[in-house]
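These notes are about the structure you will find just below.
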Amino acid sequence: MKNPLKYFLILLFFSTAVSAQNFDIELLRKVNVENPAEDHFWMDVSNSIKWAPAVYVGGNLTYGLIENDKTALRYSLESSMSMGVSMLISSVLKKAVGRPRPSITYPEINSYKEPNYQSFPSSHSALTFAMTTTMAYHANGRAYISIPIFSWPIGVGYSRMRLGRHYPTDVLGGAIIGIGSGIFSHWLTGRIIK
């Protein structure tokens, strides 16, 4: 062996990756429990991405146009941009990584519907964290507003695991993408609109 350290590091990397995957599926198994009394609630939480972003962006846009309020128009632009950036990054990564949905790899995982597309990262988490990050900026440092609003993306992320659609690391990856997209969009909007 020319370089035993190199082989040790390779072995360490792969053993860590296997350990992380085991943690991922074990945590998912604990969260993904069938409970008909709660299932519809978590489906509603997950589906809130179909209407909540439109209400926030549309409300700011409408108010901004009617009242000629540049701050509301900026909020609308910034939120739209952050969600668009997060969806673009998520879509590219889903195709590049190609991780199958948990119920494909582990048939005992209940996904409540036929699995489609890839799993990593969670686009639901990316979108909700992107929007919430910009909303936190809009709260102008008021922690009593900005901290509680993060309960929405955390709930959506949990619902995606609870419904068997994503691994915990998918949700974490989506959260990182969403927060990064929100920070980037806030920065960029600040450069565009003075």
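With this note's numbering as the guide, the letters of the sequence shown map in order to residues 1 to 194.
Cβ coordinates follow ideal geometry from the N, Cα and C atoms, glycine included.
The model shown is predicted, which means the values in this text are computed figures rather than measured ones.
Asked                                                                                                                                                        : Found
Can you tell me where the alpha helix (DSSP H) holding Tyr144 begins and where it ends?                                                                      : Ala143 to Ser146
Under the rule that 16 or more other beta-carbon atoms within 10 Å means buried, what is Leu65, buried or exposed?                                           : exposed
Are three or more beta carbon pairs between the region 140-153 and the region 79-90 nearer than 8 Å?                                                         : no
Exposed or buried, Arg162, counting other C-beta atoms within 10 Å across all chains shown (16 or more means buried)?                                        : buried
Quick check on DSSP: helix, strand or coil for Leu163?                                                                                                       : coil
Buried or exposed for Thr169, going by 16 or more other Cβ atoms inside 10 Å?                                                                                : buried
Which class does Ile109 belong to by DSSP, given the choice of helix, strand or coil?                                                                        : coil
Using 8 Å as the Cβ pair cut-off and three pairs as the minimum, do the region 100-113 and the region 53-65 touch?                                           : no
Going by beta carbon distance, what residues of the same chain come within less than 8 Å of Arg61, once the five residues before and after it are set aside? : First, the amino acid is wrong: residue 61 is Leu here, not Arg. Only Ala72, Leu73 and Ser76 meet the Cβ criterion.
Name the two residues that bound the continuous alpha helix (DSSP H) containing Asn60.                                                                       : Ala52 to Glu67
Where Met131 and Ile49 are concerned, what is the direct C-alpha to C-alpha distance, given to the nearest angstrom?                                         : 10 Å
Contact defined as beta carbons within less than 8 Å: I believe Pro153 pairs with Phe129. What is the distance between those atoms, to the nearest angstrom? : 5 Å
Given a threshold of 16 other Cβ atoms within 10 Å of its Cβ, counted over all protein chains shown, does Ala96 qualify as buried or as exposed?             : exposed
Is Ile193 helix, strand or coil by DSSP?                                                                                                                     : coil
Could you check which residue in Pro100, Val171, Arg99 and Thr134 has the C-alpha nearest to that of Pro53?                                                  : Thr134
Identify the continuous alpha helix (DSSP H) that holds Arg74 and give its terminal residues.                                                                : Lys70 to Val97
For Val171, is the classification buried or exposed, using 16 other Cβ atoms within 10 angstroms of its Cβ as the cut-off for buried?                        : buried
Tell me which same chain residues have a C-beta within less than 7 Å of the C-beta of Arg165, skipping the five on either side of it?                        : Arg101 and Ser111
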